[in-house]
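Number of protein chains: 2
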Amino acid sequence: MRIGELSRRTGVSVPTIKYYVREGLLPSGELSSPNQASYGDRHERRLRLIRALLDIGGLSVAAIREVLAAVDDPDRSVHKVLGEAARRMTPRYAEGGDDASLASARDQVRQLIARRGWQVDACNPAATALSETLAALDRVGHGEFAEVLDDYADAADRVADADLAYVARKAGLDDLVEGVVIGTVLGDAMLASLRRLAQTHRSSTMYEG
Amino acid sequence: MRIGELSRRTGVSVPTIKYYVREGLLPSGELSSPNQASYGDRHERRLRLIRALLDIGGLSVAAIREVLAAVDDPDRSVHKVLGEAARRMTPRYAEGGDDASLASARDQVRQLIARRGWQVDACNPAATALSETLAALDRVGHGEFAEVLDDYADAADRVADADLAYVARKAGLDDLVEGVVIGTVLGDAMLASLRRLAQTHRSSTMYEG
Numbered sequence: 001m002r003i004g005e006l007s008r009r010t011g012v013s014v015p016t017i018k019y020y021v022r023e024g025l026l027p028s029g030e031l032s033s034p035n036q037a038s039y040g041d042r043h044e045r046r047l048r049l050i051r052a053l054l055d056i057g058g059l060s061v062a063a064i065r066e067v068l069a070a071v072d073d074p075d076r077s078v079h080k081v082l083g084e085a086a087r088r089m090t091p092r093y094a095e096g097g098d099d100a101s102l103a104s105a106r107d108q109v110r111q112l113i114a115r116r117g118w119q120v121d122a123c124n125p126a127a128t129a130l131s132e133t134l135a136a137l138d139r140v141g142h143g144e145f146a147e148v149l150d151d152y153a154d155a156a157d158r159v160a161d162a163d164l165a166y167v168a169r170k171a172g173l174d175d176l177v178e179g180v181v182i183g184t185v186l187g188d189a190m191l192a193s194l195r196r197l198a199q200t201h202r203s204s205t206m207y208e209g
Numbered sequence: 001m002r003i004g005e006l007s008r009r010t011g012v013s014v015p016t017i018k019y020y021v022r023e024g025l026l027p028s029g030e031l032s033s034p035n036q037a038s039y040g041d042r043h044e045r046r047l048r049l050i051r052a053l054l055d056i057g058g059l060s061v062a063a064i065r066e067v068l069a070a071v072d073d074p075d076r077s078v079h080k081v082l083g084e085a086a087r088r089m090t091p092r093y094a095e096g097g098d099d100a101s102l103a104s105a106r107d108q109v110r111q112l113i114a115r116r117g118w119q120v121d122a123c124n125p126a127a128t129a130l131s132e133t134l135a136a137l138d139r140v141g142h143g144e145f146a147e148v149l150d151d152y153a154d155a156a157d158r159v160a161d162a163d164l165a166y167v168a169r170k171a172g173l174d175d176l177v178e179g180v181v182i183g184t185v186l187g188d189a190m191l192a193s194l195r196r197l198a199q200t201h202r203s204s205t206m207y208e209g
């Protein structure tokens, strides 16, 4: 297809498509004549992935380039590619200092990971983010909120099962990574809203019923 | 206690405490002499609540004033007060238009609420936020991700149980609302990190094991 058709199909403007080609995010089309390039399904899939990383994942062009390099690296396993995408979408809680709260939070996280039997690296960015959140709780005098950790981890296991079952249906690596990006970011928003609804229901039962 | 002691105990500077008094967020101390005011536990608790709403909840001074008005209203039930605090901490996903995706997403949310037997208002802001997220999924061609909704709702129910058990231990309404603010905001961050860890574990099992 021509670039105009690619633009219509994906909702991405022609100048933007050309910009992605110049930036090396999207392979150039095949030249069918000296000044006409032809684009295929591969371009369309890649373009959707770029938009997902940009619009939903909130990634920079430089970060997108690295994720795409992982996707295109034949030596990289699916697990590594998914990890590369997920790593860039891990929100970090505003850091406090390297204090006693953080040291104890790191211990809590290490113990939790061991208790759950989760095969994750100790330097996983989500583990770091979790330690920082637990440290923040402790600093505002709510360290005991960490008692909910195992209930939360049960819930997270359930959610992750559903997430992986969703992405596993995707055929190619581009689609798989796109599914991870969409599911990660919009899934967080979905889960936060559902948590509010469930809390409202329970609060109504506890305090009004 | 004097204002200096209140400042030491809470980590809030004296000028900031005076600012909160001027803005009507914190009641003035009792005058023990013409130019000396005395502060009690009530002030300390309220100051901690203000900081939680501001630093963790990210609320504006105007929004904090309304939450505190709800806390101090003797005619407001605990459920209503918690609802007022929670309402202001519901993240909204960037809105698209009022299109077919949104109309169908609203139906999905109504059906989900009915299916779960959740006693929540249809105009609950979390229900609106959830509809917007589902509409966004549909617009990027991932409407089928909504199939995970019930698994996510199961997880949300489990998390909400743990949340409410935590806040129910709080004695006064100030502490209760503080617990809700802390638990809501930091709980979202905790859950997002745990979800990443659980996903990593599953991905490693599925694609490497």
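Quick mapping for you: the protein sequence lines, in order, are chains Z and W.
Quick note on our numbering: the first sequence kicks off at 1 and runs consecutively.
Quick note on our numbering: the second sequence kicks off at 1 and runs consecutively.
Beta carbons: idealized from backbone N, C-alpha and C, even for Gly.
Limits of the alpha helix (DSSP H) - the one that residue i falls within
| i | result |
| --- | --- |
| Ser-104 of chain Z | 100 to 116 |
| Leu-47 of chain Z | 41 to 51 |
| Thr-133 of chain Z | 125 to 139 |
Where residue i sits in the DSSP three-state scheme
| i | result |
| --- | --- |
| Ser-193 of chain W | helix |
| Gln-199 of chain Z | helix |
| Glu-208 of chain Z | coil |
| Ser-7 of chain Z | helix |
| Glu-84 of chain Z | helix |
| Glu-23 of chain W | coil |
| Pro-74 of chain Z | coil |
| Leu-59 of chain Z | coil |
| His-79 of chain Z | helix |
| Asp-163 of chain Z | helix |
| Asp-154 of chain W | helix |
| Asp-121 of chain Z | coil |
| Ala-171 of chain W | coil |
| Thr-90 of chain W | coil |
| Arg-2 of chain Z | coil |
| Val-177 of chain Z | helix |
| Val-12 of chain W | coil |
Nearest-angstrom beta carbon gap, residue j and residue i [assumed within contact, 8 Å]
| i | j | result |
| --- | --- | --- |
| Ala-37 of chain W | Ala-156 of chain Z | At roughly 48 Å, the Cβ-Cβ gap does not stay under 8 Å, so Ala-37 of chain W and Ala-156 of chain Z are not in contact. |
| Val-181 of chain Z | Ile-56 of chain Z | 6 Å |
| Ser-204 of chain W | Gln-119 of chain Z | 5 Å |
| Tyr-166 of chain Z | Val-148 of chain W | 6 Å |
| Glu-84 of chain Z | Ala-70 of chain Z | 4 Å |
| Thr-200 of chain W | Asn-124 of chain Z | 6 Å |
| Arg-202 of chain W | Asp-161 of chain Z | 7 Å |
| Ala-126 of chain W | Arg-106 of chain Z | No, Ala-126 of chain W and Arg-106 of chain Z are not in contact; Cβ-Cβ is about 32 Å, not under 8 Å. |
| Arg-88 of chain W | Ala-122 of chain W | No, Arg-88 of chain W and Ala-122 of chain W are not in contact; Cβ-Cβ is about 19 Å, not under 8 Å. |
| Met-1 of chain Z | Leu-130 of chain W | At roughly 37 Å, the Cβ-Cβ gap does not stay under 8 Å, so Met-1 of chain Z and Leu-130 of chain W are not in contact. |
| Glu-44 of chain W | Leu-6 of chain W | 6 Å |
| Ser-32 of chain W | Val-21 of chain W | Actually they are not in contact, since the Cβ atoms of Ser-32 of chain W and Val-21 of chain W sit about 16 Å apart, beyond 8 Å. |
Of the residues the options, the one placed nearest residue i, counting alpha carbons only
| i | options | result |
| --- | --- | --- |
| Arg-42 of chain Z | Z:Val-181, Z:Arg-110, Z:Asp-99 and Z:Arg-9 | Z:Arg-9 |
| Asp-175 of chain W | W:Tyr-39, W:Arg-106, W:Leu-31 and W:Leu-68 | W:Leu-68 |
| Gly-24 of chain W | W:Val-14, W:Val-61, W:Gly-117 and W:Arg-2 | W:Val-61 |
| Asp-188 of chain Z | W:Leu-137, W:Leu-173, W:Val-177 and W:Glu-66 | W:Leu-137 |
| Arg-116 of chain Z | Z:Ala-86, Z:His-142, Z:Phe-145 and Z:Asp-151 | Z:Asp-151 |
| Arg-4 of chain W | W:Gly-40, W:Arg-22 and W:Pro-34 | In the sequence on display, residue 4 of chain W carries Gly and not Arg. Considering only alpha carbons, the answer is W:Gly-40. |
| Lys-18 of chain W | W:Leu-47, W:Pro-34 and W:Ser-33 | W:Leu-47 |
| Gln-111 of chain W | W:Glu-208, W:Arg-139, W:Gly-11 and W:Ala-153 | W:Ala-153 |
| Thr-128 of chain W | W:Thr-184, W:Ser-33, W:Ile-64 and W:Asp-98 | W:Asp-98 |
| Gly-141 of chain Z | W:His-142, W:Arg-106 and W:Gly-179 | W:Gly-179 |
| Met-206 of chain Z | W:Ala-168, W:Val-185 and W:Gly-172 | W:Ala-168 |
| Val-78 of chain Z | Z:Gly-172, Z:Arg-2 and Z:Val-185 | Z:Gly-172 |
| Ala-100 of chain W | W:Arg-76, W:Pro-74, W:Arg-139 and W:Glu-66 | W:Arg-139 |
| Glu-208 of chain Z | W:Arg-76, W:Val-12 and W:Val-14 | W:Arg-76 |
| Lys-170 of chain W | W:Val-12, W:Gly-11, W:Asn-35 and W:Leu-49 | W:Leu-49 |
| Asp-146 of chain W | Z:Asp-163, Z:Ala-135, Z:Phe-145 and Z:Ala-146 | Note on residue identity: the sequence assigns Ala, not Asp, to residue 146 of chain W. Minimum Cα distance to Ala-146 of chain W is reached at Z:Asp-163. |
| Gly-183 of chain Z | W:Gly-143, W:Gly-183, W:Thr-184 and W:Arg-22 | W:Gly-143 |
| Val-12 of chain Z | Z:Leu-54, Z:Ser-32, Z:Ser-33 and Z:Pro-34 | Z:Leu-54 |
| Leu-186 of chain W | W:Thr-90, W:Gln-108 and W:Ala-114 | W:Thr-90 |
| Leu-26 of chain W | W:Asp-72, W:Ala-114, W:Ala-86 and W:Ala-135 | W:Asp-72 |
Opening and closing residue of the beta strand (DSSP E) in which residue i lies
| i | result |
| --- | --- |
| Ala-37 of chain W | 36 to 38 |
| Ser-32 of chain Z | 30 to 33 |
Proximity test, residue i beta-carbon vs the ligand MN heavy atom, cut-off 8 Å
| i | result |
| --- | --- |
| Leu-53 of chain Z | You won't find the ligand MN in this model; it holds no ligand whatsoever. |
Proximity test, Cβ basis, 9 Å: residue i and chain A
| i | result |
| --- | --- |
| Asp-99 of chain W | Among the chains of the structure shown, chain A does not appear; the protein chains present are Z and W. |
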